[in-house]
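Mapping of the sequence shown onto our numbering: position 220 corresponds to residue 353, and the numbering continues sequentially without gaps.
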Amino acid sequence: MKIIDAKVIVCSPGRNFVTLKITTQSGIYGIGDATVNGRELSVVSYLEDHLLPTLIGRDARRIEDIWQYFYRGAYWRRGPITMAAISAIDMALWDIKAKAASMPLYELLGGKARDKVLVYGHANGINLEDSVEEVGKYLDKGYKAIRVQSGIPGLEDTYGVAPEKMYYEPAKGNLPQECIWDTHKYLNFIPKVFEKVRDTYGYEPHLLHDSHHRLSPIEAASLGKMLEPYRLFWLEDTVHAELQEGFEIIRKHTTTPLAVGEVFNTVYDCHHLITNQLIDYIRTTSTHAGGITGLRKIAALADVFHVKTGCHGATDISPIGLAACFHFDISINNFGIQEFMRHEEKIEEVFPNSYIFKDGYVTLDENKIGLGVDIDEQLAAKYPYERKYLPVNRLEDNSMWNW
Ligand code: EZ4
Ligand code: CO
């Protein structure tokens, strides 16, 4: 099954997506997601200028070999750009293999290990009352798990909070927005939000929270302790995981479950945290950690150490990447939860898909073969690339901080 064509499609139906389409001699094609938020065109170049010329002519059936060719075959390994490019190729090849077998992809991954995939949505309020109200809206929609973020008194822009609540997307146009951050204000406020949410809705819904890499280990430990009474499903990305020893400090002090890894790209970014049991959920995702092949390597290691998965599924993961996550989630035993931020309607039109949300879970259409998602290229062409950046953070004295 010879690969005869591979092309990159960039479109911006509300936000930028980079899609790879691989076509085989038999006529079967597959698609993959290579979107890196705010750095989209670097992946386009990496694919077009370096990988695709060597992909043409290869046998599309040899997924592992092609993955290894681009992983081991690169002297300059790993990193978000390289791994997003490999991810897109890998997803497209799995899509092709499953279409050739006339099966939904999860059948090739061992079949369903569960009937449905638990997902969490995002309740983002501008202040405490608003956040509590947003949680109620998600409960009304049937969500069983909800990530709660809130604007912080005294801070103008807070991560996770935006006017377009349902379709929160942090990347904005032209030049990066500069936000101001203050950890003291944040730590004073966040426990009150969870107290109020639990008072209002009780302890049945799963609640999650994302600190977005802004704390030091001891601050994270303190937050974890303060949140213990509210029984979080997880506390995400407290500290930047470059210095992974920091997690030992957090772990020593709190029983709040910890999640990290949406910016990780390979099993080598995760192994210290996993094998030392310093986290409970690994957030690596299909689009950024080497596709289905990369995720399976990470999940297999995590399984041994009581770590479950919680794939990143923000709006910068296209419906193709999200579909790849759902097939993976449904097929492994140590699945934890899947992030599911809904895409705007025009994105759903460009990427017609077949995952179904009902009562807090996502199921997959058993009659759809491959990933069960497509790209409408004519429609995509109507939405050309727009330069957008994720924001940056500064502290109140104007020094740089982590966004
Ligand atoms: O800010 O995907 O858990 N989800 C997140 C996301 C990230 C964006 C960055 O591209 O942290 O909302
Ligand atoms: Co996050």
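Ideal Cβ positions, reconstructed from N, Cα and C, are used throughout, including at glycine.
Original post:
For His342, is the beta carbon positioned less than 7 Å from some heavy atom of the ligand EZ4?
Top reply: no
**OP:** Excluding the 5 residues preceding and the 5 following Glu302 in the sequence, name in chain order all residues of the same chain whose CB lies nearer than 6 Å to its CB.
**Re:** Arg148, Thr448
Original post:
What alpha helix (DSSP H) runs, 4 residues minimum, are completely inside the region 351 to 420?
Top reply: 379 to 386, 400 to 408
**OP:** Can you say whether Thr408 is buried or exposed, counting buried as having 16 or more other CB atoms within 10 angstroms of its CB?
**Re:** exposed
Subject >> Glu395 CB to nearest heavy atom of the ligand EZ4 below 7 Å >> reply: yes
Original post:
Any heavy atom of the ligand EZ4 closer than 7 Å to the CB of Pro303?
Top reply: yes
**OP:** Excluding the 5 residues preceding and the 5 following Pro536 in the sequence, name in chain order all residues of the same chain whose CB lies nearer than 6 Å to its CB.
**Re:** In the sequence under discussion, the amino acid at residue 536 is Trp, which differs from the Pro named in the question. Cβ within range, chain order: Pro524, Val525, Asn526.
**OP:** Spell out whether any CB of chain D is found under 8 Å from the CB atom of His404.
**Re:** In summary, chain D is missing from the structure at hand, where a single protein chain is found.
**OP:** Have a look at the DSSP bridge pairing and note the partners of Arg527.
**Re:** Ile313, Met533
Original post:
Can you tell me the Cα-Cα spacing of Val265 and Thr157, whole angstroms?
Top reply: 51 Å
Original post:
Exposed or buried, which one is Gly120 when buried takes at least 16 other CB atoms within 10 Å?
Top reply: No statement about residue 120 is possible, as the shown extent of the chain runs from 134 to 536 and does not include it.
**OP:** With DSSP collapsed to three states, give me the class of Arg429.
**Re:** helix
Subject >> Ile323 beta carbon less than 8 Å from that of Glu529 >> reply: no
**OP:** Could you tell me which uninterrupted beta strand (DSSP E) segments, each at least 3 residues in length, are contained entirely in the region 145 to 175, listed from first to last along the chain?
**Re:** 150 to 157, 162 to 166
Original post:
Taking 7 Å as the line, does the beta carbon of Glu369 fall inside it for any heavy atom of the ligand CO?
Top reply: yes
Original post:
Say the cut is 7 Å; is the CB of His373 nearer than that to a heavy atom of the ligand EZ4?
Top reply: no
Subject >> Cross-strand partners of Gly258 (DSSP beta bridge) >> reply: Ser283
Original post:
Does the Cβ of His345 lie closer than 7 Å to at least one heavy atom of the ligand CO?
Top reply: yes
**OP:** Counting only runs of 4+ residues fully inside the region 446 to 490, write out the alpha helix (DSSP H) ranges in chain order.
**Re:** 452 to 464, 478 to 483
Subject >> When Pro362, Leu308, Ala139, Gln471 are compared against Asp332, the one with the closest alpha-carbon >> reply: Pro362
Original post:
So is the beta-carbon of Ala447 under 7 Å away from any non-hydrogen atom of the ligand EZ4?
Top reply: yes
Subject >> Rounded C-alpha distance that separates Gly80 from Pro213 >> reply: Outside the modelled stretch of the chain, which goes from 134 to 536, sits residue 80, for which no answer is possible.
**OP:** Could you tell me if Met533 is buried or exposed, where buried requires 16 or more neighbouring beta carbons within 10 angstroms of its beta carbon?
**Re:** exposed
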